[in-house]
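Asker: The structure follows.
Protein chains: 2
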Amino acid sequence: MAENVRIAVDAMGGDYGPSVTIPGCALALERKPGARFVLVGEEKTIRAELARHPRLAAASEVRHSDVSIRMDDKPSQALRYGRRVSSMWMAIEAVKKGEADVAVSAGNTGALMAMSKICLRTMLGVDRPALACLWPTLRGYSIVLDVGASIGANASHLVDLAIMGSAMARVVLGLERPTVGLLNVGTEEIKGVEEVKGAAATLRESNLPGLDYAGFVEGDGIGMGAVDVVVTEGFTGNITLKTAEGTAKQIAAYLREVMGGSLLAKLGYLLARGAFAELKGKMDTRSINGGVFLGLEGLVIKSHGGTDHVGFARAVEIGHDMAKSDLMNRIRDTVALAHRFESGSAPTDTPPQEAAQ
Amino acid sequence: MAENVRIAVDAMGGDYGPSVTIPGCALALERKPGARFVLVGEEKTIRAELARHPRLAAASEVRHSDVSIRMDDKPSQALRYGRRVSSMWMAIEAVKKGEADVAVSAGNTGALMAMSKICLRTMLGVDRPALACLWPTLRGYSIVLDVGASIGANASHLVDLAIMGSAMARVVLGLERPTVGLLNVGTEEIKGVEEVKGAAATLRESNLPGLDYAGFVEGDGIGMGAVDVVVTEGFTGNITLKTAEGTAKQIAAYLREVMGGSLLAKLGYLLARGAFAELKGKMDTRSINGGVFLGLEGLVIKSHGGTDHVGFARAVEIGHDMAKSDLMNRIRDTVALAHRFESGSAPTDTPPQEAAQ
Chain X
1 MAENVRIAVD
11 AMGGDYGPSV
21 TIPGCALALE
31 RKPGARFVLV
41 GEEKTIRAEL
51 ARHPRLAAAS
61 EVRHSDVSIR
71 MDDKPSQALR
81 YGRRVSSMWM
91 AIEAVKKGEA
101 DVAVSAGNTG
111 ALMAMSKICL
121 RTMLGVDRPA
131 LACLWPTLRG
141 YSIVLDVGAS
151 IGANASHLVD
161 LAIMGSAMAR
171 VVLGLERPTV
181 GLLNVGTEEI
191 KGVEEVKGAA
201 ATLRESNLPG
211 LDYAGFVEGD
221 GIGMGAVDVV
231 VTEGFTGNIT
241 LKTAEGTAKQ
251 IAAYLREVMG
261 GSLLAKLGYL
271 LARGAFAELK
281 GKMDTRSING
291 GVFLGLEGLV
301 IKSHGGTDHV
311 GFARAVEIGH
321 DMAKSDLMNR
331 IRDTVALAHR
341 FESGSAPTDT
351 PPQEAAQ
Chain L
358 MAENVRIAVD
368 AMGGDYGPSV
378 TIPGCALALE
388 RKPGARFVLV
398 GEEKTIRAEL
408 ARHPRLAAAS
418 EVRHSDVSIR
428 MDDKPSQALR
438 YGRRVSSMWM
448 AIEAVKKGEA
458 DVAVSAGNTG
468 ALMAMSKICL
478 RTMLGVDRPA
488 LACLWPTLRG
498 YSIVLDVGAS
508 IGANASHLVD
518 LAIMGSAMAR
528 VVLGLERPTV
538 GLLNVGTEEI
548 KGVEEVKGAA
558 ATLRESNLPG
568 LDYAGFVEGD
578 GIGMGAVDVV
588 VTEGFTGNIT
598 LKTAEGTAKQ
608 IAAYLREVMG
618 GSLLAKLGYL
628 LARGAFAELK
638 GKMDTRSING
648 GVFLGLEGLV
658 IKSHGGTDHV
668 GFARAVEIGH
678 DMAKSDLMNR
688 IRDTVALAHR
698 FESGSAPTDT
708 PPQEAAQ
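Protein chains in written order, with our numbering: chain X, 1 to 357; chain L, 358 to 714.
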């Protein structure tokens, strides 16, 4: 890891392209002054945006690409016209070549996943990459995965998610032995699908190093911070994440409505505006923008496509911090240890971090 | 339908039994003064509670049962010891026998589902019952189903959910031709599982009467009121509902925290307390307590097990209103018409309501 984290950015990704990604990088640079950028995309547009952000310009290299991946294309289509030549691919490739420590894109999730997998490959012992997010809870943050990299998961995939998620929690949340829960329904008999029950049995019996399996978690347990790592497959995970974001936005709209109502309400709002600002910060879904692809031989961060520059900056900062903490190597070590452990050749339950040293 | 709606209550159901269900019924009676109750359970305990609620006592018949279904038993276990003799079964049976118009229970979901199915049977043309809830949105209410009756669904089950949900929306939301969306992930290629794609194709092509298929909806579209009816299978639906409830509770906790902080915040809170009360009402997850089992030959309402008397009252009121609007027969007609329509024997797209007259 270089002293300064080098961030490759797919400047064309997302609903708004450089008009959001470049100001986003500029904002991230204010908070992470050591960062260096490789900005990939339509050079003229990028330079025009950079002209307004001289400090970012000084910290950046621009790489031209004619090809932008469209938000609605299937991965197979995107690969056909975008392999090697698109801004998305070139950003990922910068990581592959060791020219950047992390790639960030707000582009098409499916295409980003497919290109990352082909360009970077998955880690030994990992079938499929996952998308993990930091979820604000009443206790701080939890890690929730998979929030949309793969649809469906068998028991063994879910166990992989538990292992990767707990490795991320060790690094990001600084926990020695994070608690891990499997997302499930509350009804008792039909306690979830077979895959979830199977993963529960494995996690309970194998007593893997570096994670503390805590059982099933229901939807309302996530925000309460019931466990440090919440594991689910990508379909449910993506819908769950977006539902929570939608609910936060809905309540923010209610709040605006009632506080703009009577004169007393307006006055009260004025007096308590410090408190409201704090609340707004806590409810800002942009603060959790930035999903981390786990299980790849390289770091890739996915930003929401529709976010603004504040949200994109957050994704860049998450990428910066993950690279700084050497997330990928830590995860690789954890996965390797867990697999040795599962196959019975690990002598002790030494936590992976120590084992790696 | 009798003039006064008759409500059979599993008084022993839920985490707290009669100490919540009886005050809950009393509260519901205040709002629905015409209601009549059949209260099933341990007679002595019920009578002791009723002593504090003379108006409810006057509107109720008490039926004794020795057997309460435990919250954690599997349906198969519950059926072994609770068939015919438990308070849950007897409440459902009152509907079957025509002695009540609707049954309400806060008990074990799986057991309630199994007993309802056995005692009441599913409607002709419906494979599996569904649990539907009213979800508050920025536009009013939407209906979301299945929120936990069945785990997993094939394309044809999802189409059934669309038909039953739109029938409920016609009755409950008073819409002529409600819009229906399939809950799905946002990533483009992997637009959901095969089942969801299959259901989309059927709904798009068959142009069923009485519903307007509007495509896929993402998690954050639910609270925005993107469509009137949101269709998903029970695993994702249950987790989605609970996640939204958890997020609302989490934000309520933030709000209490920031408003109790500085003196100014406290003062502001005091001034704006009318607005806060309004907000609290909008965020109160108890107001959406009360899932409706659809697709049965009888009306059964499921309340959250852990709710208080305010939440339970809401479930009773929902049951009251559904019975009053003759929900079950309307749904049966809609399902029958849709099936005739699917098989090509329906001559026009007459909406089901008119067709039933």
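Cβ atoms here follow ideal geometry from the backbone N, Cα and C, with glycine treated the same way.
The model shown is predicted, which means the values in this text are computed figures rather than measured ones.
Any chance the stretch 616–636 of chain L sits against the stretch 654–668 of chain L, with 3 or more Cβ pairs inside 8 Å?
Answerer: Output reads no: the stretch 654–668 of chain L does not touch the stretch 616–636 of chain L.
Asker: Along the stretch 560–587 of chain L, where does the CB come closer than 8 Å to a CB of chain X? Name the residues.
Answerer: If the cut-off is 8 Å between Cβ atoms, the stretch 560–587 of chain L has Glu575, Gly576, Asp577, Gly578, Ile579, Gly580, Met581 near chain X.
Asker: Helix, strand or coil: which one does DSSP assign to L/Glu450?
Answerer: As a first step, residue 450 of chain L must be located in the second sequence, where it is residue number 93. L/Glu450: helix per DSSP, three-state reduction.
Asker: With burial defined as no fewer than 16 other Cβ atoms inside 10 Å of the residue's Cβ, what is the status of L/Pro535: buried or exposed?
Answerer: Indexing the second sequence from 1 puts residue 535 of chain L at position 178. L/Pro535 should be labelled buried.
Asker: Do X/Gly210 and X/Ser142 have their beta-carbon atoms positioned less than 8 Å apart in this structure?
Answerer: Here residue 142 of chain X refers to the residue found at position 142 of the first sequence. Here residue 210 of chain X refers to the residue found at position 210 of the first sequence. Not a contact, by the Cβ cut-off of 8 Å.
Asker: Nearest to L/Phe715 by CA position, among X/Gly125, X/Gly261, X/Leu50, X/Trp135, is which residue?
Answerer: Residue 715 of chain L lies beyond the range of chain L shown here (358 to 714); nothing can be said about it.
Asker: The ligand GTP and X/Val67: does any heavy atom of the ligand fall closer than 7 Å to the residue's C-beta?
Answerer: The ligand GTP is not among the ligands present in this structure, which contains no ligands whatsoever.
Asker: Using only the alpha-carbon positions, how far apart do X/Ser87 and X/Met328 sit?
Answerer: Translated into the one-based positions of the first sequence, residue 87 of chain X becomes position 87. Translated into the one-based positions of the first sequence, residue 328 of chain X becomes position 328. Looking at the two C-alpha atoms, the distance is approximately 23 Å.
Asker: Determine whether the Cβ of X/Phe235 lies closer than 8 Å to any Cβ atom of chain B.
Answerer: No chain B appears in this structure, whose protein chains are X and L.
Asker: Would X/Pro129 and X/Gly295 be called neighbours here (beta carbons separated by less than 8 Å)?
Answerer: For the purposes of this step, residue 129 of chain X is taken as residue 129 along the first sequence, with counting starting at 1. For the purposes of this step, residue 295 of chain X is taken as residue 295 along the first sequence, with counting starting at 1. Taking 8 Å as the Cβ cut-off, X/Pro129 and X/Gly295 qualify as a contacting pair.
Asker: Determine, for L/Gly612, whether the minimum Cβ-Cβ distance to residues of chain X falls below 8 Å.
Answerer: Counting from one through the second sequence, the residue named residue 612 of chain L turns up at place 255. Reading off the sequence, residue 612 of chain L comes out as Leu, not Gly. Chain X, which has a Cβ nearer than 8 Å to the Cβ of L/Leu612, makes this yes.
Asker: For X/Glu61 and L/Val550, what's the separation of their Cα atoms in angstroms?
Answerer: Taking the first residue of the first sequence as position 1, residue 61 of chain X is located at position 61. Taking the first residue of the second sequence as position 1, residue 550 of chain L is located at position 193. One C-alpha to the other measures close to 41 Å.
Asker: Looking only at C-alpha atoms, which of X/Leu134, X/Gly24, X/Arg80, X/Ile239 sits nearest to X/Ala114?
Answerer: For the purposes of this step, residue 114 of chain X is identified with residue 114 of the first sequence, where counting begins at 1. When each option's Cα is compared against that of X/Ala114, the closest is X/Arg80.
Asker: Quick check on the burial criterion: 16 or more other C-beta atoms within 10 angstroms. Buried or exposed for X/Ile118?
Answerer: The sequence position of residue 118 of chain X within the first sequence is 118, counting from 1. Exposed.
Asker: Put L/Ser376 into one of helix, strand or coil per three-state DSSP.
Answerer: Here residue 376 of chain L corresponds to residue number 19 of the second sequence, with the count starting at 1. Of the three classes helix, strand and coil, the one that applies to L/Ser376 here is helix, per DSSP.
Asker: Count the other CB atoms within 10 Å of the CB of L/Asp484; is the residue buried (16 or more) or exposed (fewer)?
Answerer: As a position in the second sequence, residue 484 of chain L is number 127, starting the count at 1. So L/Asp484 ends up on the exposed side.
Asker: Just to confirm, is the Cβ distance from L/Val587 to L/Val501 under 8 Å?
Answerer: Here residue 587 of chain L is taken as the residue at index 230 of the second sequence, counted from 1. Here residue 501 of chain L is taken as the residue at index 144 of the second sequence, counted from 1. In this structure, L/Val501 lies closer than 8 Å to L/Val587 by Cβ.
Asker: Looking at the unbroken alpha helix (DSSP H) that takes in L/Leu722, where does it start and where does it end?
Answerer: Residue numbering for chain L in the displayed model covers 358 to 714; residue 722 of chain L lies beyond these limits and cannot be assessed.
Asker: How close, in whole Å, do the beta carbons of L/Ile449 and L/Leu477 come, if the pair is a contact with beta carbons under 8 Å?
Answerer: In the second sequence, the residue the question calls residue 449 of chain L occupies position 92. In the second sequence, the residue the question calls residue 477 of chain L occupies position 120. Right, their Cβ atoms sit about 6 Å apart.
Asker: What's the gap between the Cα of X/Met283 and the Cα of X/Tyr254?
Answerer: What you label residue 283 of chain X is simply residue 283 of the first sequence in a count that begins at 1. What you label residue 254 of chain X is simply residue 254 of the first sequence in a count that begins at 1. Cα-Cα distance, rounded: 13 Å.
Asker: Taking 8 Å as the cut-off, decide whether the C-beta atoms of L/Val377 and L/Val673 are in contact.
Answerer: The residue you call residue 377 of chain L lines up with position 20 of the second sequence. The residue you call residue 673 of chain L lines up with position 316 of the second sequence. Against a cut-off of 8 Å, the Cβ pair of L/Val673 and L/Val377 comes out as no contact.
Asker: Are at least three pairs of beta-carbons, each pair with one atom in the stretch 371–390 of chain L and one in the stretch 409–417 of chain L, less than 8 Å apart?
Answerer: In short, these stretches touch, since the Cβ pair count reaches three.
Asker: Can you tell which of X/Val9, X/Gly174, X/Arg256 has its C-alpha closest to the C-alpha of X/Ser68?
Answerer: Here residue 68 of chain X refers to the residue found at position 68 when the first sequence is read from its first residue. Minimum Cα distance to X/Ser68 is reached at X/Val9.
Asker: According to DSSP, is X/Val104 part of a helix, a strand, or is it coil?
Answerer: Locating residue 104 of chain X in the first sequence gives position 104, where the first residue counts as 1. It is a strand residue.
Asker: Please confirm whether L/Thr536 has its beta-carbon closer than 8 Å to some beta-carbon of chain X.
Answerer: Counting from one through the second sequence, the residue named residue 536 of chain L turns up at place 179. So, not an interface residue.
Asker: Can we say the stretch 244–258 of chain X touches the stretch 146–155 of chain X, given the rule of at least three CB pairs closer than 8 Å?
Answerer: No contact exists between the stretch 244–258 of chain X and the stretch 146–155 of chain X.
Asker: Give every residue of the same chain whose Cβ lies closer than 8 Å to the Cβ of L/His696, excluding the five residues on either side of it in the sequence, and list them in chain order.
Answerer: For the purposes of this step, residue 696 of chain L is identified with residue 339 of the second sequence, where counting begins at 1. Here the set comprises Gly482.
Asker: Specify the secondary structure class of X/Gly165 as computed by DSSP and reduced to three states.
Answerer: Looking up residue 165 of chain X in the first sequence gives position 165. Residue state, collapsed to three classes: helix.
Asker: Quick one: complete beta strand (DSSP E) runs, 3+ long, within the stretch 496–542 of chain L?
Answerer: Counting whole runs of 3 or more residues, the stretch 496–542 of chain L contains the beta strand (DSSP E) stretches 497–502, 536–540.
Asker: Should X/Asp220 go down as buried or exposed, given a rule of 16 or more other Cβ atoms within 10 Å for buried?
Answerer: By 1-based counting over the first sequence, the position of residue 220 of chain X is 220. Buried, because 16 or more other Cβ atoms sit within 10 Å of the Cβ of X/Asp220.
Asker: Using DSSP with H/G/I as helix, E/B as strand and the rest coil, what is X/Ile69?
Answerer: The count along the first sequence starts at 1 and reaches residue 69 of chain X at position 69. Coil.
Asker: Which first and last residues belong to the beta strand (DSSP E) in which X/His304 is found?
Answerer: In the first sequence, the residue the question calls residue 304 of chain X occupies position 304. No beta strand (DSSP E) holds X/His304; DSSP gives it neither H nor E.
Asker: Helix, strand or coil for L/His677 per DSSP?
Answerer: Along the second sequence, one-based indexing puts residue 677 of chain L at 320. Helix.
Asker: Which stretch, first to last residue, makes up the beta strand (DSSP E) that contains X/Asp383?
Answerer: Lying outside 1 to 357, the shown extent of chain X, residue 383 of chain X is not represented and no answer is given.
Asker: Taking Cβ positions, are L/Asp503 and L/Val537 nearer each other than 8 Å?
Answerer: Counting from one through the second sequence, the residue named residue 503 of chain L turns up at place 146. Counting from one through the second sequence, the residue named residue 537 of chain L turns up at place 180. The answer is no: Cβ separation not under 8 Å.
Asker: Which residues in chain X have a C-beta closer than 7 Å to the C-beta of L/Lys554? List them in chain order.
Answerer: Reading the second sequence from its first residue, position 197 is the one you call residue 554 of chain L. Those do not exist, as L/Lys554 stays about 11 Å from chain X at its closest Cβ, beyond 7 Å.
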